[in-house]
Amino acid sequence: MAYTIEILVFFMVQETPGLMPSVFGARPVLLMPVALSIALFESEKAAMSFGLLCGLLIDFGMSAVLGFHGLLLAVICFTLGVLAANLIRTNFLTAMLVAVVACGSVLLLQWLFFYVLYSFDSPIYALTEHYLPRFGYTVAFMPIAYYFNRALSIQIRAKEE
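Going by our numbering, the sequence shown wraps up at 299, each residue one higher than the last.
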């Protein structure tokens, strides 16, 4: 319940015009770091569910193809949930590396499918002027999402015991 409320609040912050300042004309995708940080602290099924929810909300907000971000984030968060439970340590460095790789992959695939494959004029311009600033701004939000969800996870675990 707490994660769902968090996702809805950050979705409203992300989609409210003028609330988040633009950096080089780009606004961040706040739900990506939120989904990734939740996946670091939850089981793979819960991570996949929250990744799917965040991805579908991103699709609604960006007016993208319905399911594009939902599918990508569900797969990434499921994989991250499995890795966090069995292989990697969950710490700040890991969270930042995950954010760079996952956000970079999603935004690069978005650019590839929506600009390059549609044969728009000057896709390199779109990459350098739109997607790279969005990538940097999104990754810069990861520390806030990580520490918020770490504290929330500790509180949830304490109440379960």
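Think of the CB as a built atom: it goes at the ideal place given N, C-alpha and C, for glycine as much as any other residue.
Keep in mind it's a predicted model, so treat the numbers as computed, not measured.
For residue i versus residue j, is the C-beta distance shorter than 7 Å?
i    : j    : result
A289 : P171 : no
Y269 : L235 : no
T142 : L178 : no
V239 : V277 : no
F149 : L221 : no
Tell me the DSSP bridge mates of residue i?
i    : result
V161 : A164
According to the neighbour-count rule (16 or more other Cβ atoms, all chains shown, within 10 Å of its Cβ), is residue i buried or exposed?
i    : result
F162 : exposed
Y285 : exposed
S175 : buried
I263 : The question names Ile, but residue 263 is Tyr in the sequence shown. Per the 10 Å Cβ criterion, exposed.
F279 : buried
Q248 : buried
F230 : exposed
F258 : exposed
L191 : buried
A296 : exposed
V167 : buried
I292 : exposed
Only counting the same chain, and skipping five residues up and downstream in sequence, which positions put a Cβ closer than 7 Å to that of residue i?
i    : result
F273 : C241, G242 and L245
G156 : none
CB-CB under 8 Å to residue i, same chain, minus the five flanking residues each way: which ones, in chain order?
i    : result
A271 : For the record, residue 271 in the displayed sequence is Pro; it is not Ala. Correct list, in chain order: V161, F162, G163 and A164.
Is residue i close to chain B, meaning its C-beta is less than 7 Å from at least one C-beta of that chain?
i    : result
F198 : Annotation note: the requested chain B is absent from the structure, which comprises a single protein chain.
Can you list, in chain order, the residues of its chain whose CB lies under 6 Å from that of residue i, leaving out five sequence neighbours each side?
i    : result
E153 : G199
V254 : P261
**Prompt:** Do three or more CB pairs link the segment 203–218 to the segment 168–187 at distances below 8 Å?
**Reply:** yes
**Request:** Flag this pair as touching only if the segment 223–235 and the segment 201–214 have three or more C-beta atom pairs under 8 Å; answer yes or no.
**Result:** no
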